[in-house]
Amino acid sequence: MRRWGIAAGLALLLGGLSWLLGGTAPGLEVPVAVEVLDRDERLLRAFPVEDGRWRLATSTAALDPDYLALLLTIEDRRFDRHPGVDPRALVRAAWQWATRGRIVSGGSTLTMQLARLRAGHPTRTPAAKLAQIRAALALERVYPKSRILDAYLTLAPFGGNLEGVRAGALAWFGKEPRRLDLAEAALLVALPQAPEARRPDRHPEAARRARDRVLALAEAAGLIDARARARAAATPVPRVRRALPARAAHLAARLHRAEPARASHHLTLDGALQARLEPLALARARALGPRVSVALLVADHRAGTLLAHLGAAAPFDQGRCGWIDMTRAVRSPGSTLKPLIYALAFEVGVADPAGWIEDRARDFHGYAPRNLDRDYQGRVPVARALQRSLNVPAVTLLEGVGPQRLLGRLHRVGVALRLPPGARPGLALALGGVGLSLEELFAVYGALANDGRPLTLRHRRGAAPAMPPATPLVAAGSARRVGAILAAAPPAGTAPGRGIAHKTGTSYGHRDAWALGYDGRHLVGVWVGRADGAPVPGLTGAGAAAPLLRDVFARLGPGSPLPVPVPARAPAPALTLAGVPRAGPHIAYPPAGSRVALGLAGDGAAALLRLRVREGRAPFQWFADGVPIGRAPVARTLDWWPHEPGYVDLAVVDARGESDRVRVWLE
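For the sequence shown, position 272 (counting from the first letter as 1) is numbered 272 according to UniProt numbering, and the numbering increases by one without interruption.
What follows is the structure, given as structure tokens:
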């Protein structure tokens, strides 16, 4: 009988061991929050997993090493040596259960705790412990220690819907767990043992006692000394749960909606700059009224990267309609298109930066614009007319340039203007009679800052720069001249002064206030107003948007100077030899001062214009508004497809360097 008893005991033991060792390891892949990160891998915004839990992916490489040492000392000091189960801890727990009739200390290793978190087992029954042991042994057979520890750090509960030490550190201390002080680390070690009973916002005294117990155990283990323990114990526990970061909220949400399955988005934004600008914009909005909002864009136009994006002053404020991304909202741009009109006028020769222009009451076929102060300056320098944002000179120049030419140039930077129903593009474009967004105005000013070349901004880190359109918005010389004029403007209110090319704008009825500016490196765009389109009494670009523009540039640090304007390159004048004019080229068609009806080709595009030259010596180089459009090695004709109607300066230079030029109107 004794043999049968021994055999039965061995069989039971072997069967038990076989059961313990035959478990299947639970998978460690769990859904984690989608993260939007800045250029330095700092968290801008996270989106919770489907059940609403804030579970942020965590690895030991991103944690404070002192926290890890404290965690292993308190929870599982033989973690690196045991096979998933610590026999000493289990024997101690079993003896306490047998002698006291209840479980005093569970003896669970971190691997066993991970097994419980994955399976959702209860914690205080012998059967649950056996299940955890079986799963822990299986986990250790399949996964390396580092993977197990990372999984625990991602799944450990920290109260409410917080999972993982990163979510815990952000919610309770407002920072990533890369650098923790001793008091913070001890609280994060204590919370997962009883996350609801020790929530600092609901049970601060329980949280403090649990933290202090961890500190006492750490001192007893020789990890810290008495002075460090006392100093940490004197630190108050947090009593408020902080919201997780939600910076660049609109851009982050837009990217998440576009690619919901993407685990992370790595952006070019400067998180530190974004963190400085968001409270600045909110303070400005609050000072202007309870329903006022602010939108803001900042870029490094030299590198072609977006640095800051703010779609609303308070993205989660219902009263300010914070859910609307005002960088994309279509609004009246006020006077902000005037710099482009002047640049086009310089390019086609309608105006000279050093010339003069009339600012007098004038009727443009039924359209009679007036200045904001309802006064007129008379004959003024062209540069001063732009700096003072005079309305009549801007409309005069647009008449000379042609509204269609302005529209055509805006298309080059991807801007499609929105006109009122039934309206046709006219001279009111100069004063804001059209719909534009801050993103689109940003593109216009980006091209002006970029020597007239369209600027393609990147917001994703590591993305290949997109090829900008080959055709410039305006000629480089014209863009630089406008930049120099705007940079030399006297400060508008508290706007930037010399060194930053800036322009403000105010829409009709004081609904929108704008300020855009750039130096040799940075580009900033500001919109201020109400998202619902209601007027704000007294709202102006100079008074509301320009001060914020100034403050943004101040937070960008030292600027970079604007490029110095250079004289525009034009075809060389006809040369003479010994006072005798040479028989240079003469443009036979189109004749100077003529109006040329282009019509449309079969596909809807503008029809070609055949240019002809008499006299002169081949080859002939042709120019339109100073830009080469073709070379005829032998022929005296050149077929050219104009991009847009309006005035154009045509020029031809022959092999001797002699030239001729005409100005014509294309329609």
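We put the beta carbon where it would ideally sit given N, CA and C, even for glycine.
*State buried or exposed for residue 669, treating a residue as buried only when at least 16 other CB atoms are found within 10 Å of its CB.*
The chain is shown from 1 up to 667; residue 669 falls before or after that span and cannot be answered.
*Is residue 608 buried or exposed, if buried means 16 or more other CB atoms sit within 10 Å of its CB?*
In this structure residue 608 is exposed. Its beta-carbon is surrounded by fewer than 16 other beta-carbon atoms within 10 angstroms.
*asked:* For residue 589, report the span of its beta strand (DSSP E) as first-last.
replied: From DSSP, the beta strand (DSSP E) with residue 589 extends over 586 to 589.
*Between the C-alpha atoms of residue 79 and residue 30, what's the straight-line distance to the nearest angstrom?*
Residue 79 and residue 30 have their C-alpha atoms roughly 23 Å apart.
_What does the Cβ neighbour count give for residue 318, buried or exposed, with the cut at 16 atoms within 10 Å?_
With fewer than 16 other beta carbons inside 10 angstroms of its own, residue 318 counts as exposed.
*Reduced DSSP secondary structure (H/G/I, E/B, other) of residue 357*: In this structure, DSSP gives residue 357 an extended state, which the three-state scheme calls strand.
*Buried or exposed: where does residue 359 fall if 16 or more other Cβ atoms within 10 Å of its Cβ makes it buried?*
The residue in question, residue 359, is buried, as its Cβ has 16 or more Cβ neighbours within 10 Å.
_Which residue marks the beginning of the beta strand (DSSP E) containing residue 264, and which one marks its end?_
Element bounds for residue 264: 264 to 266.
*How is residue 611 classed by DSSP in three states: helix, strand or coil?*
Under the three-state reduction of DSSP output, residue 611 falls in the strand class.
_Distance between residue 395 and residue 377 (C-alpha atoms, nearest Å)_ = A direct Cα-to-Cα measurement between residue 377 and residue 395 gives close to 15 Å.
*Consult DSSP for residue 646 and reduce its assignment to one of helix, strand or coil.*
Residue 646 falls in the strand class under three-state DSSP.
*Can the beta-carbon of residue 588 be found closer than 7 Å to that of residue 555?*
Result no, Cβ atoms of residue 588 and residue 555 do not sit closer than 7 Å.
_Unbroken alpha helix (DSSP H) run spanning residue 75, endpoints_ = Membership of residue 75 in the alpha helix (DSSP H) is indicated by the continuous run 65 to 75.
*Count the C-beta pairs between the stretch 253 to 270 and the stretch 472 to 492 that are closer than 8 Å, then say yes if the count reaches three, no if not.*
No, they do not touch.
*Length of the line joining the Cα atoms of residue 500 and residue 322*: So the two alpha carbons sit approximately 30 Å from each other.
*Taking the alpha-carbon positions, what's the residue 651 to residue 658 distance?*
Residue 651 and residue 658: Cα-Cα distance of roughly 11 Å.
*Reduced DSSP category for residue 445 - H, G, I as helix; E, B as strand; rest coil*: Residue 445: helix per DSSP, three-state reduction.
*Presumed contact (8 Å Cβ cut-off) between residue 557 and residue 457, rounded CB distance*: In this structure residue 557 does not touch residue 457 by the C-beta definition: roughly 20 Å separates them, more than the 8 Å allowed.
*Nearest CA to the CA of residue 59: which residue from 68, 52, 53 and 441?*
Cα-wise, what sits closest to residue 59 is 68.
*asked:* I'd like to know whether the C-beta atoms of residue 168 and residue 199 end up nearer to each other than 7 Å.
replied: The answer is no: Cβ separation not under 7 Å.
*In or out: residue 316 buried (at least 16 other Cβ within 10 Å) or exposed?*
By the 16-neighbour rule on beta-carbons within 10 angstroms, residue 316 is exposed.
*Given that a residue counts as buried once 16 or more other Cβ atoms are within 10 Å of its Cβ, and exposed if not, what is residue 531?*
Burial check for residue 531: the Cβ neighbour count within 10 Å reaches 16 or more, so the residue is buried.
_Reduced DSSP category for residue 505 - H, G, I as helix; E, B as strand; rest coil_ = Residue 505 sits in a strand when the DSSP states are folded into three classes.
*For residue 146, count neighbouring C-beta atoms within 10 Å of its own C-beta (all shown protein chains included) and say buried if the count is 16 or more, exposed if not.*
Exposed, because fewer than 16 other Cβ atoms sit within 10 Å of the Cβ of residue 146.
*Is residue 662 close to chain B, meaning its C-beta is less than 7 Å from at least one C-beta of that chain?*
No chain B appears in this structure, which consists of one protein chain only.
_Do residue 232 and residue 215 count as a contact pair if the criterion is CB distance below 7 Å?_
Closer than 7 Å, so yes.
*Can you give the Cα-Cα distance for residue 418 and residue 435, rounded to whole angstroms?*
Near 5 Å, if we compare the C-alpha coordinates of residue 435 and residue 418.
*Tell me, which residues are paired with residue 379 by DSSP?*
DSSP lists 358 as partners of residue 379.
*Have a look at the DSSP bridge pairing and note the partners of residue 436.*
For residue 436, which the question treats as bridged, DSSP gives the partners 331.
*Is the number of C-beta pairs between the stretch 245 to 260 and the stretch 194 to 214 that are closer than 8 Å three or more?*
No: fewer than three Cβ pairs fall under 8 Å.
_Assuming residue 404 is part of the alpha helix (DSSP H), what are its boundary residues?_
For residue 404, the enclosing alpha helix (DSSP H) starts and ends at 403 to 411.
*asked:* Below 8 Å on the Cβ atoms is my contact criterion, and I expect residue 151 with residue 162 to pass it. Report the Cβ-Cβ distance as a whole number of Å.
replied: Actually they are not in contact, since the Cβ atoms of residue 151 and residue 162 sit about 16 Å apart, beyond 8 Å.
_Cutoff 7 Å; reference residue 348; Cβ partners in own chain excluding five residues on either side_ = Correct list, in chain order: 401, 625, 647, 648 and 649.
*Tell me, please, whether the stretch 335 to 343 touches the stretch 632 to 645 by the rule of three or more beta-carbon pairs shorter than 8 Å.*
Between the stretch 335 to 343 and the stretch 632 to 645, the count of Cβ pairs shorter than 8 Å is below three; the stretches do not touch.
*Note the first and the last residue of the continuous alpha helix (DSSP H) segment covering residue 113.*
Going by DSSP, residue 113 is part of the alpha helix (DSSP H) stretching over 110 to 119.
*Could you tell me the boundaries of the beta strand (DSSP E) in which residue 522 lies?*
Its beta strand (DSSP E) spans residues 522 to 530.
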